[in-house]
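Residue numbering for the sequence shown follows numbering that gives the first Met the number 0, beginning at 0 and increasing consecutively.
Note that beta-carbon positions come from the ideal geometry of N, C-alpha and C, so glycine has one too.
None of the values given here were measured: they were computed from a predicted structure.
Worksheet: one structure, shown below.
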Amino acid sequence: MSDQHSPPEADAGVPEIGPYPPGPDHLGFAADEIDTSRPHPARMYDYFLGGWDNYEVDRVAGDRVIELHPQVRDSVRANGAFRRRAVRAVVASGIRQFLVLGIGIPTSPNTHEVARETAPGTRVVYVDSDPIVATHARARLANAPGTAFALGDIRDPKAVLDDPVVRELIDFDRPVGLLVGGVMDFLGDEDNPAALLAAFGAAMPAGSHLVLSHSTYEPYEGYAEGRVDEAARAHVEEVYKSATTPLTLRTKDEIAALLGPFTPLEPGVVRVPLWRPDGAVPGPVELNNTIFYGVVGRKD
Numbered sequence: 000m001s002d003q004h005s006p007p008e009a010d011a012g013v014p015e016i017g018p019y020p021p022g023p024d025h026l027g028f029a030a031d032e033i034d035t036s037r038p039h040p041a042r043m044y045d046y047f048l049g050g051w052d053n054y055e056v057d058r059v060a061g062d063r064v065i066e067l068h069p070q071v072r073d074s075v076r077a078n079g080a081f082r083r084r085a086v087r088a089v090v091a092s093g094i095r096q097f098l099v100l101g102i103g104i105p106t107s108p109n110t111h112e113v114a115r116e117t118a119p120g121t122r123v124v125y126v127d128s129d130p131i132v133a134t135h136a137r138a139r140l141a142n143a144p145g146t147a148f149a150l151g152d153i154r155d156p157k158a159v160l161d162d163p164v165v166r167e168l169i170d171f172d173r174p175v176g177l178l179v180g181g182v183m184d185f186l187g188d189e190d191n192p193a194a195l196l197a198a199f200g201a202a203m204p205a206g207s208h209l210v211l212s213h214s215t216y217e218p219y220e221g222y223a224e225g226r227v228d229e230a231a232r233a234h235v236e237e238v239y240k241s242a243t244t245p246l247t248l249r250t251k252d253e254i255a256a257l258l259g260p261f262t263p264l265e266p267g268v269v270r271v272p273l274w275r276p277d278g279a280v281p282g283p284v285e286l287n288n289t290i291f292y293g294v295v296g297r298k299d
């Protein structure tokens, strides 16, 4: 474990990790149980963001992706900025509770921090199926009043929705903000992701909102010279096939088909910098190089 990329103070104040029993009470595991033989998508994303919670195997895989798509770091930053704008917009609509699915390794500002800029009492439950993520989330996200973490799998909506941690903070008789992180990118068509989001949406009342971003391989429609680089796409997918979870890239139309009961708000499904920008709008080349679509939907 000596190759972990961490600042000198990284372990200060962090509770000792594991071992823990499996199941809902599993909040992490012993250091020698962490698989560092294969890259991990959450740790790779952390590396793209310039974070510290990654290993050499993640950085090697991340550098391969960067070699194939040099703008990936700009893309993940744009994706984070979209999520922050979207959370602020959802809070402005009156939402005061969020269920966040697929959080990855926490990076501040997190959802509860953004929401509480204008609504201090906002409650947030973070959910992820990965014990590595759970370890970080428990230490960083669940230590503030009105926030909690639940270990759960988006592929089992009933178990997530019935989790006592979720039920303690989320009132499903009132509108909910459902924020879906990069987890959809790691669900294949065989997982029927549209049905999964429909199941979560069905449990929420009218007025609930969905915030979704998803990676793509298709060129930006407003860039006349855009084209699909099939070789680069195949190589990126190969990198993730060697990781703990393969990557599934989708088109704009395929992402729109995932929304279930949520009707897209203006401006619809767009490259993330174009969703209600609060600064300068990038040009066509930069948008073409941004690999994420974003959308916010409302259940009527």
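| Three-state class that DSSP yields for S214 in the structure shown | strand
| Hey, would you say the C-beta of L140 is under 8 Å away from at least one heavy atom of the ligand PLP? | Judged by which ligands are present, the structure shown has none, so any question about the ligand PLP falls away.
| Does the separation of the CB atoms of P40 and V56 fall below 9 Å? | no
| Got a sec, what are the start and stop residues for the alpha helix (DSSP H) A114 sits in? | T110 to A114
| request: Quick one: residues in its chain with C-beta nearer than 7 Å to the C-beta of S92, no 5 flanking neighbours on either side, listed in chain order? | output: H208
| query | If you follow the alpha helix (DSSP H) that P283 is part of, which residue opens it and which one closes it? | reply | P283 to N288
| task | Write down the C-beta distance between D277 and R84 rounded to the nearest angstrom, noting that I regard them as a contact closer than 8 Å. | result | 6 Å
| Which residues DSSP lists as bridging G296, in chain order | L209 and P263
| said: So Y219 and L286 are supposed to be a Cβ contact under 8 Å. How far apart are they, rounded? | reply: 4 Å
| task | Could you say which of Y46, R82, P283 and G101 lies nearest to A223 if we only look at CA atoms? | result | P283
| said: What would DSSP say about V268, mapped onto helix, strand or coil? | reply: coil
| Roughly how many angstroms lie between the CA atoms of P163 and T262, to the nearest whole one? | 29 Å
| said: Using only the alpha-carbon positions, how far apart do P281 and L264 sit? | reply: 21 Å
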